[in-house]
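Asker: Take the sequence shown: its position 583, counting from 1, is numbered 647 in the numbering used here, and each next residue is one higher. Glycine included, C-beta positions come from ideal geometry on N, C-alpha and C.
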Amino acid sequence: MKTLLELITIEVKSAFQEAGYDKEYAKVTLSNRPDLCEYQCNGAMAAAKTYKKAPIMIANDVVSKLQDCSCFEVVEAVNPGFINIKVNPAFVSNYLNQMQADDKLGVEKAKEPKTILVDYGGPNVAKPLHVGHLRSAIIGESVKRILRFKGHKVIGDIHLGDWGYQMGLIITELEKRQPDLVYFDENFEGEYPKEAPFTIGELEEIYPTASAYAKEHEEYREKALQATFLLQNGRRGYRAIWKHIMDVSVADLKKNYENLNVEFDLWKGEADAQKYIPDMVDMLKREGYAYYDEGALVVDVKEETDKKEVPPCMILKSDGAALYDTTDLATLVEREELYRPDEVVYVVDKRQELHFVQVFRCARKTGIVRPETALEFLGFGTVNGKDGKPFKTREGGIMRLESLISEINDEMYKKIIENRTVSEEEARNTAQIVGLAAIKYGDLSNQASKDYIFDVDRFTSFEGNTGPYILYTIVRIKSILSKYQEEHNICDLEIQDAQSEYEKALMLETAKFNDVMDTVYAEKAPHKLCAYIYDLANAFNKFYHDTKILSEENEKKKQGYIALLKLTKEVLEVCIDLLGFEAPKRM
Ligand code: ARG
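Printed below as a string of structure tokens:
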């Protein structure tokens, strides 16, 4: 469906043309003086120079051509040359009824669906998840859903950090504690046990212990580096431990992401890319892209227009080890081979931007990706505490995701039992659903690239620009609809022409959905979707406080209200689904 603004623009364009002016001047925008009008066109001001006429004359000419247009209730020229527009209530109600009949609520599907791979989440296996990973998961999930809603084929890949030094550390610590394990016997040729020699709880303790110890003990560190190297070069026993670490951690990660309502299509990781490295390195050397610099194999990626120095891409260290650059390049080789994406989007901490500049340039220059493959870095800012510094626990340690979530849930629970009498179980359940919305909305309502302050009190508030406020609004609408439904059928009701200012404002806000989605999609900007549903929720609540809905005596009018509420609820629900959360039954 065309957006409401497009439909209005079409009318105004033809009026410009009929009046003898270039239609390109007919730019219509939302009014910045909602007290005076709903839409405005300032084109006459711009046209004045070209036509050497007073803007008000041009505006008058255009307005005279619009008097009979059925879309408009009021079109007037005001000094010095603005065109102020109020749309006809019938035009809006008609538009909304079409929207209701459309299975995408008026949003048009992409004409040429693309295959888009979204690389997000990016947790490091065996290391605890922290708030940084939370952002990648939340933003990535929403971006994935938005692209999918537009009709693209979208593949979400978690891209596990599963091939690094942390694995060497765990192996080393395990050997220190249990040197007799069969994995450490180099002569062992049999089958390794199926059962892991540790639980997730133990693993969570082993890694930080080993990591701290390695920082203090050089010899131990060397051993861990050596173990990493041996693992990467195929030592059987180490590979078997690696497999155990993966099994145990991935099971735990799946649980964690499920709680976040985040779902990946692919559970691939850095390790999967390793088998593509040898051929890729050969190619880079053979084609003359890579050269040795002080023992390391590198590819130059600097460009003349660079303002800051962009160092070469590091392909192999002097000891032959692969690096982060290497893995990301090889992953692109793999992705080209398996999925041939038209676009790859990376949702990663913006402090990694330089790395991605290097990788993207190298992949392009060396033909690892096709020239038409789009590579996009969607960098996000840091999560800070109220003190403006990176988020910490009360004790000053790194905040773990699980603790953060339970802190929010507890706060939510308190608020829910404060407000009403519900069973313990229902309150806990609701707290979890609303808590997740509080976290996700708190994050997504900020522009991704900006840092933001994680404020538990604000995020969990039922008032203001928060997730719980949005959910509260949806629950309020649902409860009106279900009361109505107790006695009436809710299908096939038609939205009627607006009777009040607040009703019309709500209708115009609801009608904006496809317009907003165009921008949200083009800019991959969930924060604009949040801003929209906040406006929509506000428009609804104003209408709600101003209007007797269920006690309206005129049946036709009441049906119109109910139909409008139903559509508003559907729009809100689609939006929160695109943001990655849902509304509870009651609150
Ligand atoms: N595991 C990385 C980290 O925690 C993030 C991975 C991002 N994705 C990528 N393709 N490099 O920093």
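#1: With a 10 Å radius around its C-beta and 16 neighbouring C-beta atoms as the bar for buried, classify glycine 528 as buried or exposed.
#2: Could you spell out the range, first to last residue, of the alpha helix (DSSP H) harbouring tyrosine 625?
#3: Taking the alpha-carbon positions, what's the tyrosine 184 to glutamate 565 distance?
#4: Compute the distance between the beta-carbons of glutamate 407 and glutamate 368, then report whether it is under 9 angstroms.
#5: With DSSP collapsed to three states, give me the class of aspartate 392.
#6: Have a look at Ala276, Glu550, Leu570 and Gly254 and flag the residue whose alpha-carbon is nearest the alpha-carbon of isoleucine 559.
#7: Phenylalanine 523 and tyrosine 536 look like a contact to me (Cβ under 8 angstroms); what is the Cβ gap, rounded to whole Å?
#8: Is the separation between the beta-carbon of valine 397 and that of tyrosine 340 shorter than 9 angstroms?
#9: Could you compute how far the alpha carbon of cysteine 555 sits from the alpha carbon of tyrosine 608?
#10: Taking contact to mean at least 3 C-beta pairs separated by less than 8 angstroms, is the segment 209-218 in contact with the segment 237-254?
#11: Which same chain residues, not among the five before or five after methionine 463, have their C-beta less than 8 angstroms away from its C-beta?
#12: If you drop the 5 nearest sequence neighbours on each side, which residues of the same chain put their C-beta closer than 8 angstroms to that of glycine 301?
#13: When DSSP labels each residue in this structure, what does glutamine 511 get in the three-state scheme?
#14: What whole-angstrom Cβ distance do alanine 337 and alanine 385 have, given they're in contact under 8 angstroms?
#15: Which first and last residues belong to the beta strand (DSSP E) in which glutamine 230 is found?
#16: Go through its chain and collect everything with a Cβ distance to phenylalanine 155's Cβ below 6 angstroms, but skip five positions before and after it.
#17: Near glutamine 81, which residues of its chain fall below 6 angstroms by C-beta distance, leaving aside the five closest residues on each side in sequence?
#18: Kindly examine the ligand ARG and report whether one of its heavy atoms sits closer than 8 angstroms to the Cβ of proline 187.
#19: Rounded to whole angstroms, what's the CA-CA distance from arginine 415 to lysine 633? Just pull it up for me.
#20: Hey, out of Gln563, Pro405 and Glu266, whose CA is closest to glutamate 436's CA?
#21: Give the straight-line distance between the Cα atoms of valine 151 and leucine 68, rounded to the nearest whole angstrom.
#22: Am I right that valine 635 and leucine 169 are in contact with their C-beta atoms under 8 angstroms? What's the rounded C-beta distance?
#23: Could you check whether cysteine 377 and aspartate 364 sit closer than 9 angstroms to each other, using their CB atoms as the reference points?
#24: Output needed for glutamate 475: all residues of its chain with C-beta closer than 7 angstroms, excluding positions within five of it in sequence on either side, in chain order.
#25: Report the rounded CA-to-CA distance for glutamate 283 versus asparagine 297, giving the unit in angstroms.
#26: On the DSSP bridge list, what partners appear for arginine 464?
#27: Give the single residue among Tyr321, Thr390 and Val433 whose Cα lies nearest to the Cα of leucine 402.
#28: Serine 134: beta carbon under 8 angstroms from a heavy atom of the ligand ARG?
#29: Output the boundary residues of the beta strand (DSSP E) element that contains isoleucine 147.
#30: Using the three-state DSSP reduction, which class does tyrosine 477 fall into: helix, strand or coil?
#31: With glycine 84 and alanine 112 assumed to form a contact (beta carbons below 8 angstroms), what rounded beta-carbon distance in angstroms separates them?
#32: For glycine 359, collect the residues of the same chain with a Cβ closer than 6 angstroms to its Cβ; drop the 5 residues on either side in sequence, then sort them by chain order.
#33: Tell whether a beta-carbon distance below 9 angstroms holds between glutamate 573 and leucine 545.
#34: Using only the alpha-carbon positions, how far apart do isoleucine 597 and aspartate 346 sit?
#35: Report buried or exposed for threonine 494, applying the criterion of at least 16 other Cβ atoms within 10 angstroms of its Cβ.
Answerer: So, to answer that:
#1: exposed
#2: Here the alpha helix (DSSP H) through tyrosine 625 covers 619-643.
#3: Spanning the two alpha carbons is a distance of roughly 44 angstroms.
#4: no
#5: helix
#6: Leu570
#7: The distance from the Cβ of phenylalanine 523 to that of tyrosine 536 is about 14 angstroms, inconsistent with a contact at the 8 angstroms cut-off.
#8: yes
#9: 21 angstroms
#10: no
#11: His194, Val195, Phe455, Lys456 and Thr457
#12: Val246, Tyr247, Phe248, Asp249, Glu250, Phe252 and Tyr256
#13: coil
#14: 14 angstroms between Cβ atoms; not a contact.
#15: Element bounds for glutamine 230: not the beta strand (DSSP E) but the alpha helix (DSSP H), 229-241.
#16: Cys135
#17: Lys87
#18: At least one heavy atom of the ligand ARG is nearer than 8 angstroms to the Cβ of proline 187, so yes.
#19: Answer to the nearest angstrom: the Cα atoms are 39 angstroms apart.
#20: Pro405
#21: 10 angstroms
#22: 6 angstroms
#23: Cβ distance < 9 angstroms, so aspartate 364 and cysteine 377 count as in contact.
#24: Val520 and Thr524
#25: When the Cα atoms are used, glutamate 283 and asparagine 297 turn out to be separated by approximately 21 angstroms.
#26: His194
#27: Proximity to leucine 402 across Tyr321, Thr390 and Val433 peaks at Val433, based on C-alpha coordinates.
#28: Not one heavy atom of the ligand ARG falls within 8 angstroms of the beta-carbon of serine 134.
#29: 146-151
#30: helix
#31: No, glycine 84 and alanine 112 are not in contact; Cβ-Cβ is about 14 angstroms, not under 8 angstroms.
#32: Excluding sequence positions up to five before and after glycine 359, its CB lies within less than 6 angstroms of the CB of Ser382, all in the same chain and listed in chain order.
#33: no
#34: Roughly 52 angstroms separates the two Cα atoms.
#35: buried
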